[in-house]
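So the structure is just underneath, and the comments pick up after that.
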């Protein structure tokens, strides 16, 4: 029995190692036309999809059309960012489409965001009283032009909601109207709720 156990343990270890290597290699290789741009994106948005910069969003696995629209809006000046506007303005439409497709096909990373009971209560109240699930769908997974919010970083979510509330972000004015009545504290709680969803 001992002799059989050793080869089985060895086979199991080899299979586990192979599965780990396959998981590590799951990121799709970008086409040569966008290799440089992908490398530039990864510097802030993270090699594994977890942002390397605190208020950068997760873009791995995000909705394709949403990613394209954001790049287009940054380039056109409809969405402002000291970092993204110059980068996006260097891209042509085909590169924007290719980048959006590339990042949308990546696996959404898991972040370890935990919300408190109070934050969950506030998040559920806002979610059930507003129109959030109608556009971002049940589970806040997004569709088409509406981004996934579930599991996004709380820092990015809070900044984005406050930017909409105070009309610093202008490329989706309907969002400003939807959240302007909530307090900053409520929006911070909602951000933590969504991040841990």
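In the numbering used here, the protein residues as written are 24 to 220. All C-beta atoms, glycine included, are put in the ideal place defined by N, C-alpha and C.
*Counting Cβ pairs, one atom from each stretch, are 3 or more of them under 8 Å apart for the segment 100-118 and the segment 162-181?*
no
*asked:* Quick check: the segment 114-121 against the segment 183-196, are at least 3 beta-carbon pairs closer than 8 Å?
replied: no
*Exposure of residue 98, with buried meaning 16 or more beta-carbon neighbours within 10 Å*: buried
*What residue from 214, 128, 71 has the CA that sits closest to residue 174's CA?*
214
_Touching by the beta-carbon criterion (3+ pairs, under 8 Å), the segment 145-158 and the segment 85-99_ = no
*Output the boundary residues of the alpha helix (DSSP H) element that contains residue 109.*
107-112
*asked:* My assumption, with CB atoms under 8 Å, is that residue 201 sits in contact with residue 153. Please give the rounded CB distance.
replied: 6 Å
*Which residues bound the alpha helix (DSSP H) around residue 202?*
196-202
*Taking residue 94 as the reference, give the member of 141, 75, 194 with the closest Cα.*
194
*Kindly give me the distance between the Cβ atoms of residue 75 and residue 141, rounded to whole angstroms, as I take these residues to be in contact under 8 Å.*
No, residue 75 and residue 141 are not in contact; Cβ-Cβ is about 30 Å, not under 8 Å.
*Using three-state DSSP, classify residue 76 as helix, strand or coil.*
coil
*For residue 86, decide whether its Cβ has a neighbour in chain C, counting only Cβ atoms nearer than 7 Å.*
Here there is only one protein chain, and chain C is not present.
*For residue 164, which of helix, strand or coil comes out of DSSP?*
coil
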